[in-house]
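Oh and the sequence shown: position 93 is 93 in the working numbering, straight run, nothing missing. Ideal placement from N, C-alpha and C gives every residue a C-beta, glycine not left out. Since the structure is predicted, the reported quantities are computational estimates derived from the model, not experimental observations.
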Amino acid sequence: MVLVTGGCGYVGSHTVVELLQEGESVLVVDDLSNASKKSLERVRQITGKEVCFEQVDLKDAKALGKVFDKYCGKKAGDKIDTVIHFAAFKAVGESVKKPLEYYQNNTIGVINLLFCMQKHAIKNFVFSSSATVYGVPERCPIEETAGRSALSPYGATKIITEDILLDIAKADKDFSAILLRYFNPVGAHKSGLIGENPKGIPNNLMPYITGAAIGKLPPLKVFGGDYPTMDGTCVRDYIHIVDLAKGHIAALKKVRQQKGAVAYNLGTGKGLTVLQIIQAFEKSTGVSLPYTIVERREGDATECYASTTKAEQELAWKASLGVEDMCKDHYDWQVKNPNGYND
Ligand code: UDP
Numbered sequence: 001m002v003l004v005t006g007g008c009g010y011v012g013s014h015t016v017v018e019l020l021q022e023g024e025s026v027l028v029v030d031d032l033s034n035a036s037k038k039s040l041e042r043v044r045q046i047t048g049k050e051v052c053f054e055q056v057d058l059k060d061a062k063a064l065g066k067v068f069d070k071y072c073g074k075k076a077g078d079k080i081d082t083v084i085h086f087a088a089f090k091a092v093g094e095s096v097k098k099p100l101e102y103y104q105n106n107t108i109g110v111i112n113l114l115f116c117m118q119k120h121a122i123k124n125f126v127f128s129s130s131a132t133v134y135g136v137p138e139r140c141p142i143e144e145t146a147g148r149s150a151l152s153p154y155g156a157t158k159i160i161t162e163d164i165l166l167d168i169a170k171a172d173k174d175f176s177a178i179l180l181r182y183f184n185p186v187g188a189h190k191s192g193l194i195g196e197n198p199k200g201i202p203n204n205l206m207p208y209i210t211g212a213a214i215g216k217l218p219p220l221k222v223f224g225g226d227y228p229t230m231d232g233t234c235v236r237d238y239i240h241i242v243d244l245a246k247g248h249i250a251a252l253k254k255v256r257q258q259k260g261a262v263a264y265n266l267g268t269g270k271g272l273t274v275l276q277i278i279q280a281f282e283k284s285t286g287v288s289l290p291y292t293i294v295e296r297r298e299g300d301a302t303e304c305y306a307s308t309t310k311a312e313q314e315l316a317w318k319a320s321l322g323v324e325d326m327c328k329d330h331y332d333w334q335v336k337n338p339n340g341y342n343d
């Protein structure tokens, strides 16, 4: 059985779909502070399969311990053997305003989780890290060996968690961890049943675009038109959420075979500007998107895209969906669920 923390969230729910379709049994632990349990009903609709669910805050070591006791007493085959850890606060801007909450939630939670794993001798861990650990990249495409630096408390919590896992792997030769550094996940499951459900006004580009496209948000502001790129706007590596979720299946296979802690980029390796995304959105949906170019957003790197060689060679995984699928699927989800899961 795979324990998925944060399994009701955006990346978590899409990964749970792929796990179930691979025949894995899944236990989701989520405190529902920034996610809806309705996502799991939708997962059931897509897959026709059930998941176990426990509502627990990872900061509550006692409650988490009880969950492990409950699911580790089970017969072999249905006992937790791997943890995929998504549960964390994820808003960069909010982390700058509330650093203590971010350090508390994102590090105490994972430490409690790792202690429970240690108690029950569970050795396999897949961690939801981020390309944000690269700070402002020195060069692109970014390889996994590039230096790390935090530009926000959020980024710092990702680096701290990576370091915790690297140190455990040094101390315990049976421990296996895969650190997945996501680039820019966008899109939604083709069914339109699960997708991103941001709280309040989205900070990220794609949920803002789809919100503006259905008239729920004012026209898009493109942050900066004077970057040294092909059209003056920033370059990012957008990856379809279903490709990203499949990257976790590849990581699951690997983490069960290897020992030690290893990092992999999950991106497409292809950089796109903000204006290219707008064009692809208009082409794939037929919806015209009003926007204005405004001043730069503080802290934005000019370009950021992945080297995908290591993931291709060692995980045998490669993203396959293109930018038009990303835009169309994100838009379909938004149209079908204008208020996310809150309808
Ligand atoms: N962006 C933008 N308008 C928005 C949100 C984002 O122009 O309302 C730009 C942003 O400056 C960046 C790109 O879109 O160049 C991706 O931003 P996002 O916040 O989604 O990801 P990140 O910057 O964290 O990679």
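>> Tell me the residue span of the alpha helix (DSSP H) that contains Cys-52.
In response: Element bounds for Cys-52: not the alpha helix (DSSP H) but the beta strand (DSSP E), 52–55.
> What is the DSSP secondary structure of Ala-116, reduced to helix, strand or coil?
Replying inline: At residue 116 the sequence reads Cys, which differs from the Ala that was named. In the structure shown, Cys-116 sits in a helix (DSSP, three-state: H, G or I).
>> Are there any heavy atoms of the ligand UDP lying less than 7 Å away from the beta-carbon of Lys-221, as far as the coordinates show?
In response: yes
> Val-306 and Gly-260 look like a contact to me (Cβ under 8 Å); what is the Cβ gap, rounded to whole Å?
Replying inline: According to the sequence as given, residue 306 is Ala; it is not Val. Going by Cβ atoms, the distance from Ala-306 to Gly-260 rounds to 22 Å, so no, they are not a contact pair.
> Can His-240 and Leu-321 be called in contact, C-beta distance under 8 Å?
Replying inline: yes
> According to the neighbour-count rule (16 or more other Cβ atoms, all chains shown, within 10 Å of its Cβ), is Val-294 buried or exposed?
Replying inline: exposed
> Just checking, does the stretch 75–89 make contact with the stretch 12–28 on the three C-beta pairs under 8 Å criterion?
Replying inline: yes
> Are at least three pairs of beta-carbons, each pair with one atom in the stretch 249–258 and one in the stretch 283–299, less than 8 Å apart?
Replying inline: no
> Excluding the five sequence neighbours on either side, which residues of its own chain have a C-beta within less than 6 Å of the C-beta of Phe-68, listed in chain order?
Replying inline: Cys-116 and His-120
>> If contact is defined by three or more beta carbon pairs under 8 Å, each pair taking one atom from either stretch, is the stretch 319–335 in contact with the stretch 229–243?
In response: yes
> DSSP puts Lys-328 in a beta bridge; with which residues?
Replying inline: Answer is none; Lys-328 lacks a bridge partner.
>> Let's test the definition: count the other Cβ atoms within 10 Å of the Cβ of Leu-205 and tell me whether it reaches 16, buried, or not, exposed.
In response: buried
> Is it the case that the CB of Val-274 approaches a heavy atom of the ligand UDP more closely than 7 Å?
Replying inline: yes
> Excluding the five sequence neighbours on either side, which residues of its own chain have a C-beta within less than 6 Å of the C-beta of Val-255, listed in chain order?
Replying inline: Asn-124, Val-126, Ser-176 and Ile-178
>> One question on the structure: do Ala-311 and Leu-272 come within less than 8 Å of each other, judged by their Cβ atoms?
In response: no
> Among all the DSSP beta bridges, which residues are the ones paired with Tyr-291?
Replying inline: Leu-220
> Is Arg-297 near the ligand UDP, in the sense that its beta carbon is under 7 Å from a heavy atom of that ligand?
Replying inline: yes
> Sorry if obvious, but does the Cβ on Asn-203 come closer than 7 Å to a heavy atom of the ligand UDP?
Replying inline: yes
>> I need the DSSP call for Thr-161, collapsed to helix, strand or coil.
In response: helix
> Buried or exposed: where does Glu-162 fall if 16 or more other Cβ atoms within 10 Å of its Cβ makes it buried?
Replying inline: buried
> In angstroms, rounded to a whole number, what distance separates the CA positions of Arg-296 and Asn-203?
Replying inline: 14 Å
> Can you tell which of Leu-40, Gly-48, Gly-340 and Thr-47 has the C-alpha that lies nearest to the C-alpha of Glu-54?
Replying inline: Leu-40
> Should Val-16 be labelled buried (16 or more other beta-carbon atoms within 10 Å of its own) or exposed?
Replying inline: buried
> Got a sec? Which residues, its chain only, sit under 6 Å from Ser-191 by beta carbon, not counting five neighbours each side?
Replying inline: Ile-46
> Using CA coordinates, which residue listed in Thr-229, Thr-5, Gly-9 and Val-2 is at the minimum distance from Ile-194?
Replying inline: Gly-9
> Is the Cβ-Cβ distance between Val-235 and Glu-282 less than 8 Å?
Replying inline: no
>> What residue range does the alpha helix (DSSP H) around Arg-139 cover?
In response: Note, Arg-139: premise wrong, no alpha helix (DSSP H); not H, not E.
>> For Pro-153, which residues in the same chain have their Cβ closer than 7 Å to its Cβ, ignoring the five residues on either side in sequence?
In response: Ser-95, Val-96, Pro-99, Tyr-102 and Tyr-103
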